[in-house]
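In terms of mature numbering (1 follows the signal peptide of the UniProt record, and there is no 0), the sequence shown is residues -23 to -1, 1 to 305.
The beta-carbon is built from N, C-alpha and C at its ideal position, and this holds for glycine as well.
First up is the structure itself, then whatever we jot down about it.
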Amino acid sequence: MRRLVPALALLACVACAPVPSGAPPIGDVSAVVPRPVDATELTGPLPSAVPNTPSAVPDPACAANPTASRRPTGPPPAPDAMPAGSTMATIRDKGRVVVGVDQNAYLMGFRDPVSGELEGFDIDMAREIAKALFGDPTRIQFRVVSSEQRIPALRQGDVDIVVRTMTINCDRWAQVDFSTVYYQADQRVLVPISSSAAGIDALGGKRVCASKGSSSLANIAAHPAKPIPVSVPYWSDCLVLLQQGQVDAISTDNPILAGLVAQDPFTRIVGEPFAAEPYGMAFPQGHEDFVRFVNAVLERLRADGTWASIHRRWLGAPPAPPTPSYRD
């Protein structure tokens, strides 16, 4: 207390000191709430998801069943029996599989703050692919990518596969290949618990946040209620904007929203699903053997209970795994 009294006296003297000439009145000083880097309120049409290149022309036949993938030729071969010259043999020769993942989507793909390790549903699914290739789930190199970076990373050869809450659709099929559906998500809305909004229909003219390059952002922009899309690089940025009152809601897939609620109990998910979001693992085009191999691995994970076990660990009681659909 004896040490505190002089300090309080000093503060009192400072408070009583005259205000320098030209200084703004104390009541006029206000804090500026920072925004995440690259947060953008979108007032015009979104850029096309399909580049104007001959190799990225949407396939009209895709509309019949966008989730149909390449049929496995049989059970996946053993790690030491990959066909010579196959994509799988090439990956084995590297000694690791390079996987594009998220580190900002709690429960799906996130970095544990204590261990520093990547964890989540998508991370465990990626490790199963490494295990099928090498017999060792640790023979994997994770490369963190944003939603917007997923397709460029594949097309530029920076990764062998992307396992990152990536919705299968025909625009994306024009640029990359997909596995069968490994998780069936649906798009909903997250609001503060104090909000009266009951779903996307109540958010006309309101700012709704989603990750840049995500199908969620496109669905917000196309909704008849005409919400104002706000794009950010990562889902954690959306949560920051919501907590600071700079957006009115977040809208994306239910497992991502569940992770945000787990981080902030003063939020809640509202409304019925308004868009289906089937997740697939994505590949560079021209590696059909690897697509068929991964689909065979997914068949096994569904059948032997591994998929259900991973779901239970991260997302709770599992539903039936998604039924695969094949085009050939």
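Would residue i and residue j be called neighbours here (beta carbons separated by less than 9 Å)?
i: glutamine 126; j: glycine 190; result: yes
i: leucine 19; j: valine 207; result: yes
i: valine 271; j: isoleucine 227; result: no
i: threonine 244; j: valine 238; result: yes
i: phenylalanine 98; j: leucine 292; result: yes
i: arginine 289; j: serine 46; result: no
i: aspartate 36; j: glycine 77; result: no
i: alanine 252; j: serine 156; result: no
i: valine 122; j: alanine 109; result: no
i: glycine 112; j: alanine 55; result: yes
i: valine 158; j: isoleucine 128; result: no
i: threonine 44; j: glycine 263; result: no
i: glutamine 118; j: proline 250; result: no
i: aspartate 15; j: valine 224; result: no
i: tyrosine 211; j: aspartate 79; result: yes
i: glutamate 254; j: alanine 187; result: no
i: alanine 273; j: threonine 50; result: yes
i: isoleucine 177; j: alanine 202; result: yes
i: serine 213; j: asparagine 42; result: no
Using DSSP with H/G/I as helix, E/B as strand and the rest coil, what is residue i?
i: arginine 73; result: coil
i: glycine 62; result: coil
i: alanine 16; result: coil
i: arginine 289; result: helix
i: arginine 304; result: coil
i: threonine 30; result: Per-residue confidence for threonine 30 stands at a pLDDT of 45, beneath the threshold of 50, marking its modelled position as unreliable; the derived number appears in the next sentence. Reduced to three states, the DSSP call for threonine 30 is coil.
i: glycine 51; result: coil
i: alanine 297; result: coil
i: aspartate 36; result: coil
i: glutamate 125; result: coil
i: proline 56; result: helix
i: aspartate 113; result: coil
i: valine 6; result: Because valine 6 sits at a pLDDT of 49, beneath the cut-off of 50, its placement in the model cannot be relied upon, and the following sentence gives the value as read from the coordinates. Of the three classes helix, strand and coil, the one that applies to valine 6 here is coil, per DSSP.
Any idea which residues DSSP pairs residue i with across the strands?
i: isoleucine 138; result: Val76
i: leucine 131; result: None, per the DSSP bridge assignment.
i: asparagine 81; result: Phe87
i: glutamine 118; result: Val75
i: leucine 95; result: Arg88
i: serine 46; result: Tyr303
So, under 8 Å CB-CB, residue i and residue j are touching, yes? Tell me the CB distance rounded to an integer number of Å.
i: valine 74; j: arginine 141; result: 14 Å between Cβ atoms; not a contact.
i: leucine 275; j: aspartate 241; result: Actually they are not in contact, since the Cβ atoms of leucine 275 and aspartate 241 sit about 33 Å apart, beyond 8 Å.
i: methionine 59; j: arginine 69; result: 6 Å
i: leucine 180; j: leucine 234; result: Not quite, the Cβ-Cβ distance comes to about 14 Å (not below 8 Å), so this is no contact.
i: threonine 17; j: phenylalanine 267; result: Wrong, their Cβ atoms sit about 35 Å apart, outside the cutoff.
i: aspartate 101; j: isoleucine 287; result: 5 Å
i: isoleucine 106; j: isoleucine 138; result: 7 Å
i: proline 295; j: alanine 280; result: Their Cβ separation, rounded to whole angstroms, is 14 Å, which puts proline 295 and alanine 280 out of contact at 8 Å.
Taking CB distances under 9 Å as the criterion, tell me whether residue i reaches chain D.
i: asparagine 146; result: The chain inventory of the structure shown lacks chain D, comprising one protein chain alone.
Could you pull out every unbroken alpha helix (DSSP H) segment of at least 4 residues lying fully inside the stretch 206 to 285, listed in chain order? DSSP runs (the alpha helix (DSSP H)) wholly in the stretch 206 to 285: 212 to 220, 231 to 240 and 265 to 280.
Notebook entry, point to check: Can you list, in chain order, the stretches of the alpha helix (DSSP H) that have 4 or more residues and sit fully within the stretch 144 to 215?
Noted result: Within the stretch 144 to 215, the complete alpha helix (DSSP H) runs of at least 4 residues are 147 to 150 and 192 to 199.
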